[in-house]
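K.L.:
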Amino acid sequence: MGKRSHTATPRKPHTPRMRRKTYTPSRLPQRKSLRLAEFDYTEPQSYFVTIVARDRRCVFGRVEHGQVVLSPAGKTLAREWRALSHRFGVEIEPFVVMPNHVHGLVSTWEAVDPPALGRIIGAFKSITAREYRTGASAGRWLAMPGGLWQRGYFDHVVRDETDAARIIDYINANPANWVTDPDNPDSPDRTSDDNRLWPKKSAGRHKTFPRVRRRP
243 MGKRSHTATP RKPHTPRMRR KTYTPSRLPQ RKSLRLAEFD YTEPQSYFVT IVARDRRCVF
303 GRVEHGQVVL SPAGKTLARE WRALSHRFGV EIEPFVVMPN HVHGLVSTWE AVDPPALGRI
363 IGAFKSITAR EYRTGASAGR WLAMPGGLWQ RGYFDHVVRD ETDAARIIDY INANPANWVT
423 DPDNPDSPDR TSDDNRLWPK KSAGRHKTFP RVRRRP
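Numbered continuously in this note's numbering, the sequence shown closes out at residue 458.
Structure follows, in structure tokens:
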């Protein structure tokens with residue numbers, strides 16, 4: 243009796259199912275995270291941006307009674323952040339300079355030739371770092387070995403009006419929440435994880451921000 247021949251049925255290629263992820267502050271992606279796949283960061287868009295001082299040194303001011311009191315260096319940061327509007331033709335409100343970091347909403351919708359987000363933030367970091375070095379060299383400001391800023395920056399692509407409202411709420415409430423902010427060296431929630439940039443609660447509500455990414 244001869245052997246029966248079998249014709250193998252070709253398998254369909256496996257296509258992984260994509261699931262939308264929402265990260266709570268404790269689940270934010272690590273440094274190795276890359277840009278959103280196939281997203282054009284030169285297209286008109288709104289971004290929630292966070293830039294952190296190296297080693298989280300509180301050189302930009304202090305918080306008193308829920309209000310930020312800026313140091314001369316902090317005032318320089320605020321001035322240069324506002325200047326981005328004229329330099330690049332973008333909207334940069336609202337924003338807040340905290341003792342050791344900056345939060346801001348950057349919108350490129352009105353720009354005639356929308357610049358890439360990296361170009362905007364790169365210019366801000368470069369200009370402010372240079373001005374800070376000048377002040378530190380003159381003995382006016384605390385020296386920052388290794389530079390003023392932590393490497394890269396964090397951004398979140400604003401999804402819709404609800405997302406934007408939540409972010410604006412968070413930025414405005416940031417000074418009042420400084421006492422529990424993980425970036426506050428005196429906070430009981432202090433953490434060494436430099437991806438955790440948002441406290442668990444803000445303005446009395448739980449906050450989650452999807453897909454927060456760190457840019458190299």
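Every residue gets a Cβ at the ideal spot worked out from N, C-alpha and C, and that includes glycine.
(1) For Arg-324, report the span of its alpha helix (DSSP H) as first-last.
(2) Name the two residues that bound the continuous beta strand (DSSP E) containing Leu-347.
(3) Considering only residues of the same chain and omitting the five flanking positions on each side of Trp-351, which have a CB-CB separation below 8 angstroms?
(4) Sort out for me which residues DSSP pairs Val-339 with in a bridge.
(5) What is the DSSP secondary structure of Gly-364, reduced to helix, strand or coil?
(6) For Gly-364 and Pro-427, what's the separation of their Cα atoms in angstroms?
(7) Compare the C-alpha of Gly-389 against each of Val-400, Val-399, Gly-377 and name the closest.
(8) The alpha helix (DSSP H) spanning Gly-382 covers which residue range?
(9) Identify whether Ile-409 lies in helix, strand or coil by the three-state DSSP scheme.
(10) So, is Arg-382 buried or exposed, given that buried needs 16 or more other C-beta atoms within 10 angstroms?
(11) At the level of alpha carbons, what is the spacing between Gln-309 and Leu-326?
(12) Please report the distance separating the alpha-carbon of Gln-392 from that of Glu-403.
(13) Identify which residue in Arg-296, His-345, Leu-312, Asp-355 has its Cα closest to the Cα of Arg-329.
P.N.:
To lay it out plainly:
(1) Along the sequence shown, read from residue 1 onward, the residue named residue 324 stands at position 82. From DSSP, the alpha helix (DSSP H) with Arg-324 extends over 314–330.
(2) Working through the sequence shown from its first residue, we reach residue 347 at position 105. 343–349 is the extent of the beta strand (DSSP E) around Leu-347.
(3) Counting from one through the sequence shown, the residue named residue 351 turns up at place 109. Excluding sequence neighbours, Trp-351 sits near Pro-286, Gln-287, Ser-288, Glu-333.
(4) Within the sequence shown, the letter at position 97 stands for residue 339. DSSP, once it has assigned bridges, lists Val-344 as partnering Val-339.
(5) Start at 1 with the first residue of the sequence shown, and residue 364 comes out as number 122. Note: Gly-364 maps to helix in three-state DSSP.
(6) By 1-based counting over the sequence shown, the position of residue 364 is 122. By 1-based counting over the sequence shown, the position of residue 427 is 185. Gly-364 and Pro-427: Cα-Cα distance of roughly 26 angstroms.
(7) As a working note, residue 389 is residue 147 in the sequence shown. Of the listed residues, the one whose Cα sits closest to Gly-389 is Gly-377.
(8) Indexing the sequence shown from 1 puts residue 382 at position 140. Residue 382 is actually Arg in this sequence, not Gly. Run containing Arg-382: none; DSSP gives neither H nor E here.
(9) Translated into positions along the sequence shown, residue 409 becomes position 167. Ile-409: helix per DSSP, three-state reduction.
(10) Here residue 382 corresponds to residue number 140 of the sequence shown, with the count starting at 1. Around the CB of Arg-382, fewer than 16 other CB atoms lie within 10 Å, so the residue is classed as exposed.
(11) As a first step, residue 309 is located in the sequence shown; it is residue number 67 there, counting from the start. As a first step, residue 326 is located in the sequence shown; it is residue number 84 there, counting from the start. If I take the Cα positions, the gap works out to 24 angstroms.
(12) Here residue 392 refers to the residue found at position 150 when the sequence shown is read from its first residue. Here residue 403 refers to the residue found at position 161 when the sequence shown is read from its first residue. Those two C-alpha atoms are separated by around 30 angstroms.
(13) Counted from its first residue, the sequence shown places residue 329 at position 87. The shortest C-alpha separation from Arg-329 is found at Asp-355.
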